[in-house]
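Undergrad:
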């Protein structure tokens, strides 16, 4: 393989490695005073008879998510209480859905030689039809409910590609990254 092509591929891989595949969205009730929040508890899971909540289906992953949320909230000064009065409750739901997208024919460039000099040209044997790429997107939804008003105060969703992990440690690292990025938007900054 030519040195120029190797360098191009290497640079593209480095650029992709710096990008996170996680996207976060959040929304909140602007009438809530998040500065008064100090203590929380986990809300009992909702009825999961429909089987859509993957955390209810996999208690090991649910514990991993819960411990990551607890660590992030503790780092922000919030206290977990199992009993007694609290300021807010936390609940988490995880889902996976199948997605698809069209990928255009990648432009294939090659080096050719004309009269002994190299030049770049587009290969003529590329597929002219777009390719359908099917993948799974996972979402972790975190709800913060005001305990006094019993109304939703903040909701955050982090989405990313579903991956297969070789070790539980790699899975925990990915969960920690997702929860950290999600809770970076809590409490919301007043504008």
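Numbering (my numbering), first residue to last: 396 to 586.
Every residue gets a Cβ at the ideal spot worked out from N, C-alpha and C, and that includes glycine.
#1: DSSP three-state call for residue 429: helix, strand or coil?
#2: According to DSSP, is residue 345 part of a helix, a strand, or is it coil?
#3: Quick check: what's the CA-CA separation for residue 444 versus residue 534?
#4: Give the DSSP-derived three-state secondary structure of residue 563 in the structure shown.
#5: Kindly confirm or deny that the region 423–443 and the region 552–560 touch, where touching means at least three C-beta pairs closer than 8 Å.
#6: Near residue 473, which residues of its chain fall below 8 Å by C-beta distance, leaving aside the five closest residues on each side in sequence?
#7: From which residue to which residue does the alpha helix (DSSP H) around residue 462 run?
#8: Look at the alpha carbon of residue 470 and the alpha carbon of residue 481, and state the distance between them as a whole number of angstroms.
#9: Does DSSP put residue 510 in a helix, a strand or coil?
#10: Tell me whether residue 477 sits in a helix, a strand or coil according to DSSP, three-state version.
#11: Residue 485: buried (16+ other C-beta within 10 angstroms of its C-beta) or exposed?
#12: Please classify residue 554 as buried or exposed, where buried requires at least 16 other C-beta atoms within 10 Å of its C-beta.
#13: Do residue 547 and residue 424 come within 8 Å of each other at the CB atom, strictly closer than that value?
#14: Return the chain-ordered list of same chain residues with a C-beta closer than 6 Å to the C-beta of residue 583, the five sequence neighbours on each side being excluded.
#15: Pick helix, strand or coil for residue 573, following the three-state DSSP scheme.
TA: Let's see:
#1: For the purposes of this step, residue 429 is taken as the residue at position 34 of the chain shown. Three-state result, residue 429: helix.
#2: In the structure displayed, the chain extends from 396 to 586; residue 345 sits before or after that span and is not available.
#3: Reading the chain shown from its first residue, position 49 is the one you call residue 444. Reading the chain shown from its first residue, position 139 is the one you call residue 534. Because the pLDDT at residue 444 is just 46, under 50, the model does not fix this residue reliably, and the value given afterwards should be weighed accordingly. Going by the C-alpha atoms only, they are around 19 Å apart.
#4: Position 168 of the chain shown, counting from 1, holds the residue named residue 563. Three-state DSSP puts residue 563 in a helix.
#5: Taking a cut-off of 8 Å on C-beta distances, the region 423–443 does not touch the region 552–560, as fewer than three cross pairs fall below it.
#6: Reading the chain shown from its first residue, position 78 is the one you call residue 473. Closer than 8 Å at Cβ, skipping near neighbours: 432, 433, 434 and 435.
#7: Within the chain shown, the letter at position 67 stands for residue 462. If you look at residue 462, you'll find it in the alpha helix (DSSP H) that goes 454–470.
#8: Here the question's residue 470 lines up with position 75 in the chain shown. Here the question's residue 481 lines up with position 86 in the chain shown. C-alpha separation (whole angstroms): 18 Å.
#9: One-based indexing of the chain shown puts residue 510 at position 115. Residue 510 falls in the coil class under three-state DSSP.
#10: Working through the chain shown from its first residue, we reach residue 477 at position 82. Coil.
#11: For the purposes of this step, residue 485 is identified with residue 90 of the chain shown, where counting begins at 1. Flag for residue 485 reads buried.
#12: Counted from its first residue, the chain shown places residue 554 at position 159. Label assigned to residue 554: buried.
#13: Stepping through the chain shown from its first residue, residue 424 is reached at position 29. Stepping through the chain shown from its first residue, residue 547 is reached at position 152. Contact check for residue 424 against residue 547 passes: the beta carbons are separated by less than 8 Å.
#14: As a position in the chain shown, residue 583 is number 188, starting the count at 1. Closer than 6 Å at the Cβ level, and outside the excluded window around residue 583, lie 423.
#15: Indexing the chain shown from 1 puts residue 573 at position 178. When secondary structure is reduced to three states using DSSP, residue 573 falls in the helix class.
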